[in-house]
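K.L.:
Pasting in a structure now, in structure tokens, and then I'll have a few things to ask.
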Amino acid sequence: MGLISKFDLKCMMCESKFVLKTSETATTEESRLDLNGGAVSGAIITGIGLSNLNEITASMDLPTMPFRLYSQTHDAISEMWKTAAELTMLNAAKQEIEAATLRGDVSNSGIAMIPVEADACWSKRSYKNNYSALSGVAAIIGEHTGKVLHIGVRNKYCVICARARKKGLPAKAHNCTKNHSGSSTSMEQAILVEGFKNSIKDRNLIYKTLIADGDSSTYKSILESRPYPDIPIQKIECTNHLLRNYNGKNLTLQKDTAIPLNERKLLNMDRLKRLRTAVRAAIRYRQQDDGSDSNKIENLQKDIINSPLHIFGDHLECQSYYCTNERKKEPNIVPLIPTLLLKLKKNASQLAYNSRSLLHCYTNNRAEQFNSIVAKMVGGKRVNFSLKNSYTTRCYAAVVSFNTGKPQYTFYKSICHASPGKSLKSLEARRYVKNTREVMARRGSARKKLSYNPVDAHYGNECQRPDMDAAD
Numbered sequence: 001m002g003l004i005s006k007f008d009l010k011c012m013m014c015e016s017k018f019v020l021k022t023s024e025t026a027t028t029e030e031s032r033l034d035l036n037g038g039a040v041s042g043a044i045i046t047g048i049g050l051s052n053l054n055e056i057t058a059s060m061d062l063p064t065m066p067f068r069l070y071s072q073t074h075d076a077i078s079e080m081w082k083t084a085a086e087l088t089m090l091n092a093a094k095q096e097i098e099a100a101t102l103r104g105d106v107s108n109s110g111i112a113m114i115p116v117e118a119d120a121c122w123s124k125r126s127y128k129n130n131y132s133a134l135s136g137v138a139a140i141i142g143e144h145t146g147k148v149l150h151i152g153v154r155n156k157y158c159v160i161c162a163r164a165r166k167k168g169l170p171a172k173a174h175n176c177t178k179n180h181s182g183s184s185t186s187m188e189q190a191i192l193v194e195g196f197k198n199s200i201k202d203r204n205l206i207y208k209t210l211i212a213d214g215d216s217s218t219y220k221s222i223l224e225s226r227p228y229p230d231i232p233i234q235k236i237e238c239t240n241h242l243l244r245n246y247n248g249k250n251l252t253l254q255k256d257t258a259i260p261l262n263e264r265k266l267l268n269m270d271r272l273k274r275l276r277t278a279v280r281a282a283i284r285y286r287q288q289d290d291g292s293d294s295n296k297i298e299n300l301q302k303d304i305i306n307s308p309l310h311i312f313g314d315h316l317e318c319q320s321y322y323c324t325n326e327r328k329k330e331p332n333i334v335p336l337i338p339t340l341l342l343k344l345k346k347n348a349s350q351l352a353y354n355s356r357s358l359l360h361c362y363t364n365n366r367a368e369q370f371n372s373i374v375a376k377m378v379g380g381k382r383v384n385f386s387l388k389n390s391y392t393t394r395c396y397a398a399v400v401s402f403n404t405g406k407p408q409y410t411f412y413k414s415i416c417h418a419s420p421g422k423s424l425k426s427l428e429a430r431r432y433v434k435n436t437r438e439v440m441a442r443r444g445s446a447r448k449k450l451s452y453n454p455v456d457a458h459y460g461n462e463c464q465r466p467d468m469d470a471a472d
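Read in order, the letters of the sequence shown are residues 1 to 472 in UniProt numbering.
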């Protein structure tokens, strides 16, 4: 059946008969997966489904797998991936508890208190205007270990229920995957509130500090749910998101027709980059500054609000560390940009409001990295895996991959209690060593500077075109 074949052989000499199978059938929980199970598990990890899997096997002139067999095998594998993910999250929680205990971050009741990162992603791309995904996943990641501690998946759709409802018939007995009835945008807060409320029961942890972006009402919902009645939860905005949003708002001013054209022309790419660089420099200086936290925050706010004046040549309010003698010689063009300056100051003021978060300089990069692994396992969000339980399964597989770096090896050792085959073990070992070396190499090297190329002769609005025809 499927990829498993059976050959009946007969000896021409003694006429003895025996059977040769291409794969041994798994008879116990401690057995390896059979060939069909391994193929389905590999399809989950690589982000493909039955159609792609059959194309690969057919290209090698191997048997294909029927839908019913694939579905049955997938359901069995799903529970295994869920169990493996839970084991890795429990192990990560133990590591967080040990680290918090060593730091002394323990509540009066003896429960470890830790900072966590959190973020969510959806099963399809929204392009910032179409938030209608059928599924979504959110994760809570420990800041110390960088591993997932909690994951939740929300599904708005079940294909079996939907088809039965369309026919006006009761749905047959099945494992319904629909567990969310609100909007797709409300999935993140529902999952993260659940994670905070169950953190003591499930992980014996208190998530005291939340590091996340500010694009949802999650923090407000967490505070309203009061997961820890006697312990306040602090929110730190992701520095990368704050600066990216600041740069994006400034970039849109180049096309804001409410600003005179002669002013917009002065907001070139060099000044846009310097606006962000000035904020980065102010953050680094104030982090090393002596004094109380309140003074650091106040001084950083002043530096950020003053940065547009500094970039356009007005250095009256600049601190001594802020300006070089060369910059002070630049002409003051602030009087030439009254309308533009007003909007730049508004953007700077909104950024300065988050000065406390900027001083901490935390990011939720690990949560974004987890989201990228989920995207890989769901086919780059181009395939609809939300009809049944496939999206949920792939999210659990992403947890194992993110937490261990060796997803299938961990799967075999924790669920099958057996070592995988030599090829799989060797593949994941080489990949793990390669990834580890790359991470260590990046730590010791300077970050590559971003380059801005606003004009391209080969693509875009400024690309080369033939001369206009005389008839036109």
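Note that the Cβ used here is the ideal one computed from N, Cα and C, for glycine as well. Treat the numbers as computed from the prediction; the structure is a model and nothing was measured.
(1) Check whether the segment 234-244 and the segment 204-217 are in contact - that is, three or more C-beta pairs closer than 8 angstroms.
(2) State the start and end residues of the unbroken alpha helix (DSSP H) segment that holds residue 383.
(3) Can you check which of these residues, 87, 2, 76 and 70, is closest to residue 63 by C-alpha distance?
(4) Whole angstroms is fine: what's the gap from residue 432's alpha carbon to residue 148's?
(5) Classify residue 123 as buried or exposed, calling it buried when 16 or more other Cβ atoms lie within 10 Å of its own Cβ.
(6) Would you identify the three-state DSSP class for residue 113, choosing helix, strand or coil?
(7) Within 10 Å of its beta-carbon, does residue 439 have 16 or more other beta-carbons around it, so buried, or fewer, so exposed?
(8) Applying the 10 Å Cβ sphere with the 16-neighbour rule, what's the burial state of residue 436?
(9) Is residue 522 helix, strand or coil when you go by DSSP?
(10) By a C-beta neighbour count over all protein chains shown, 10 Å radius and 16 as the cutoff for buried, is residue 294 buried or exposed?
(11) Grouping DSSP H, G and I as helix and E and B as strand, with all else coil, what is residue 121?
(12) In three-state DSSP terms, what is residue 341?
(13) For the putative contact between residue 119 and residue 367, defined by C-beta atoms under 8 angstroms, what is the C-beta separation to the nearest angstrom?
(14) Quick check: the segment 301-321 against the segment 347-365, are there 3 or more CB pairs under 8 angstroms?
(15) Would you identify the three-state DSSP class for residue 15, choosing helix, strand or coil?
(16) Go ahead and pull the three-state DSSP assignment for residue 467.
(17) Run through the DSSP bridge pairs and tell me what residue 237 is partnered with.
(18) Could you check the C-alpha separation between residue 456 and residue 325 for me, to the nearest Å?
(19) List, from N- to C-terminal side, the alpha helix (DSSP H) runs of 4 residues or more that fit wholly inside the segment 155-186.
(20) Using alpha carbons as the reference points, say which of 469, 471, 399 and 430 lies closest to residue 91.
(21) Can you name the start and end residues of the beta strand (DSSP E) that residue 137 belongs to?
(22) Using a Cβ-Cβ cutoff of less than 6 angstroms, which residues in the same chain neighbour residue 140 once the five nearest sequence positions on both sides are dropped?
(23) Among 86, 18, 76 and 74, which residue has its Cα nearest to the Cα of residue 404?
(24) Applying the criterion that 16 or more other CB atoms from any shown protein chain within 10 Å of the CB defines a buried residue, is residue 155 buried or exposed?
(25) Quick one: what's residue 21 bridged to in DSSP?
(26) Taking residue 363 as the reference, give the member of 209, 136 and 157 with the closest Cα.
(27) Output the distance between the C-alpha atoms of residue 360 and residue 22, rounded to the nearest integer angstrom.
(28) Roughly how many whole angstroms lie between the Cα atoms of residue 319 and residue 248?
(29) Spell out the partners DSSP gives residue 207 in its beta bridges.
(30) How far does the alpha helix (DSSP H) with residue 265 in it extend, from its first residue to its last?
(31) Please list, in chain order, all residues of the same chain as residue 83 whose beta carbon is under 7 angstroms from its beta carbon, the five residues on each side excluded.
(32) Along the chain, where does the alpha helix (DSSP H) containing residue 218 start, and where does it finish?
(33) From residue 40 to residue 52, what does the alpha carbon distance come to, in whole angstroms?
(34) Where in the segment 22-103 do unbroken runs of the alpha helix (DSSP H), each at least 4 residues long, occur, reported from the N-terminal end onward?
(35) Under 8 angstroms Cβ to Cβ from residue 27, same chain only, skipping five residues before and after it: list those, please.
P.N.:
Checking against the coordinates, here is how it stands:
(1) Yes: the two stretches touch, three or more of their Cβ pairs being nearer than 8 angstroms.
(2) Looking at the DSSP string, residue 383 is not in any alpha helix (DSSP H), and its letter there is neither H nor E.
(3) Closest in C-alpha terms to residue 63, from the list 87, 2, 76 and 70, comes 2.
(4) Going from the Cα of residue 432 to the Cα of residue 148 covers about 18 angstroms.
(5) When all chains shown are included, residue 123 counts as buried.
(6) Per DSSP, reduced to three states, the secondary structure at residue 113 is strand.
(7) Exposed: under 16 other Cβ atoms inside 10 Å.
(8) Flag for residue 436 reads exposed.
(9) For residue 522 there is no data in the structure shown, the boundaries of the chain being 1 and 472.
(10) With fewer than 16 other Cβ atoms inside 10 Å of its own Cβ, residue 294 counts as exposed.
(11) In the structure shown, residue 121 sits in a strand (DSSP, three-state: E or B).
(12) For residue 341, the secondary structure class from DSSP, reduced to helix, strand or coil, is helix.
(13) Between residue 367 and residue 119 the Cβ distance is about 4 angstroms, and since that is below 8 angstroms, they are a contact.
(14) At 8 angstroms Cβ cutoff, the stretches touch.
(15) Coil.
(16) In the structure shown, the three-state DSSP call for residue 467 is coil.
(17) BP columns for residue 237 point to 212.
(18) Each residue's alpha carbon lies about 35 angstroms from the other.
(19) As far as the segment 155-186 is concerned, its whole alpha helix (DSSP H) runs of at least 4 residues are 159-167.
(20) Cα-wise, what sits closest to residue 91 is 399.
(21) Counted as a single uninterrupted DSSP element, the beta strand (DSSP E) harbouring residue 137 occupies residues 135-142.
(22) Correct list, in chain order: 116, 118, 149, 150 and 195.
(23) Per the Cα distances, 86.
(24) Its Cβ being crowded by 16 or more others within 10 Å, residue 155 is buried.
(25) Within the DSSP secondary-structure output, residue 21 pairs in a beta bridge with 6.
(26) Nearest to residue 363 by alpha-carbon distance, out of 209, 136 and 157, is 209.
(27) The alpha-carbon atoms of residue 360 and residue 22 are separated by roughly 57 angstroms.
(28) Their backbone Cα atoms lie some 26 angstroms apart in a straight line.
(29) In the DSSP assignment, the residues bridged to residue 207 are 114.
(30) Neither: residue 265 is in no alpha helix (DSSP H) and is coded neither H nor E.
(31) Cβ neighbours of residue 83 beyond the five flanking positions: 415.
(32) 218-225 is the extent of the alpha helix (DSSP H) around residue 218.
(33) Roughly 11 angstroms between the two C-alpha positions.
(34) Unbroken alpha helix (DSSP H) stretches of 4 residues or longer found wholly inside the segment 22-103: 35-46, 50-59 and 67-103, given in chain order.
(35) Confidence at residue 27 is low in this model, with a pLDDT of 43, below 50, so its placement is unreliable and the value that follows should be read with caution. So no residue of the chain qualifies.
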